[in-house]
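Down below is the structure, laid out as structure tokens.
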Amino acid sequence: MAWASRLEVPDTDDGRVGAGIALARRISSPGYPFDEAAARRTVEREMASGGGGFDDAAAQGRQTAAPWSGGRLADLRTPTLVLHGAQDPVVRPSAARAVARAVPAARLVVLPGVGHDLPEALWPRLTGEVRAHVDLAAVSRAAGPRVSARPGCSR
Numbered sequence: 001m002a003w004a005s006r007l008e009v010p011d012t013d014d015g016r017v018g019a020g021i022a023l024a025r026r027i028s029s030p031g032y033p034f035d036e037a038a039a040r041r042t043v044e045r046e047m048a049s050g051g052g053g054f055d056d057a058a059a060q061g062r063q064t065a066a067p068w069s070g071g072r073l074a075d076l077r078t079p080t081l082v083l084h085g086a087q088d089p090v091v092r093p094s095a096a097r098a099v100a101r102a103v104p105a106a107r108l109v110v111l112p113g114v115g116h117d118l119p120e121a122l123w124p125r126l127t128g129e130v131r132a133h134v135d136l137a138a139v140s141r142a143a144g145p146r147v148s149a150r151p152g153c154s155r
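In case it helps, UniProt numbering puts the sequence shown at residues 1 to 155.
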């Protein structure tokens with residue numbers, strides 16, 4: 001993401017919108033068409049809300065320097081689904097694999113062709129993955145502690 005810090009952005013709303021769309025394109029999913037109109041709406045909505053956009057150096061610094069403030073992932077006892085884009089240029093897929101390894105019985109789904117966004121064409125697959133995960137967790141809970149949230153794993 002270092003390239004974003006070197007972007008020359010005109011100090012106008014149009015300049016910031018254009019740069020926001022460029023960033024959205026850069027982190028988008030290469031296996032899916034880029035929806036520039038949707039990216040524009042998102043950037044404009046973010047600007048209208050007063051939220052720190054990509055060109056807000058303070059906001060970016062807080063995000064990249066934020067220490068983990070949660071508990072140990074290994075202590076989680078909640079059925080966990082980790083969804084991650086195989087071509088994510090912001091958070092590498094190895095991070096998703098590390099999270100899935102750290103959480104007991106987590107289920108990892110790496111999505112081919114997906115970057116750091118969630119293209120609309122992928123929404124049915126995502127909702128299906130979440131629905132399957134919730135159903136499996138419900139069955140596991142009803143069956144008692146001997147059933148794993150991930151097929152082939154024991155607790």
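C-beta: ideal position from N, C-alpha, C; glycine also.
Run of the alpha helix (DSSP H) containing residue i, from where it starts to where it stops
i    : result
R77  : It is not in any alpha helix (DSSP H) - R77 carries neither H nor E in the DSSP assignment.
R97  : P93 to A102
T127 : W123 to A143
A86  : Taken as a continuous stretch (DSSP letters only), A86 belongs to no alpha helix (DSSP H), as it is neither H nor E.
Euclidean distance between Cα positions of residue i and residue j
i    : j    : result
V99  : P124 : 24 Å
D117 : M47  : 19 Å
D135 : D13  : 45 Å
D75  : A143 : 22 Å
L73  : A138 : 21 Å
D11  : G18  : 11 Å
L126 : P119 : 10 Å
A102 : G15  : 42 Å
R107 : P93  : 14 Å
For residue i, the first and last residue of its enclosing beta strand (DSSP E)
i    : result
V114 : Here V114 belongs to no beta strand (DSSP E), and DSSP marks it neither H nor E.
Sequence-distant residues of its chain with Cβ nearer than 6 Å to residue i (five each side left out)
i    : result
R121 : Note that residue 121 is Ala in the sequence shown, not Arg. Excluding residues within five positions, the ones whose Cβ falls inside 6 Å are Y32.
H133 : L81
Residue environment, residue i, which counts as buried when at least 16 other CB atoms sit within 10 Å
i   : result
T80 : buried
A37 : exposed
G70 : exposed
Neighbourhood of residue i by C-beta distance below 8 Å, restricted to the same chain and skipping five residues each side
i   : result
R25 : F34, E36 and A39
Cβ neighbours of residue i in the same chain (closer than 7 Å, five flanking residues each side left out)
i    : result
P112 : G31 and A86
Open item on the list: Three or more C-beta pairs under 8 Å: does that hold for the segment 21 to 31 against the segment 84 to 99?
Closed with: yes
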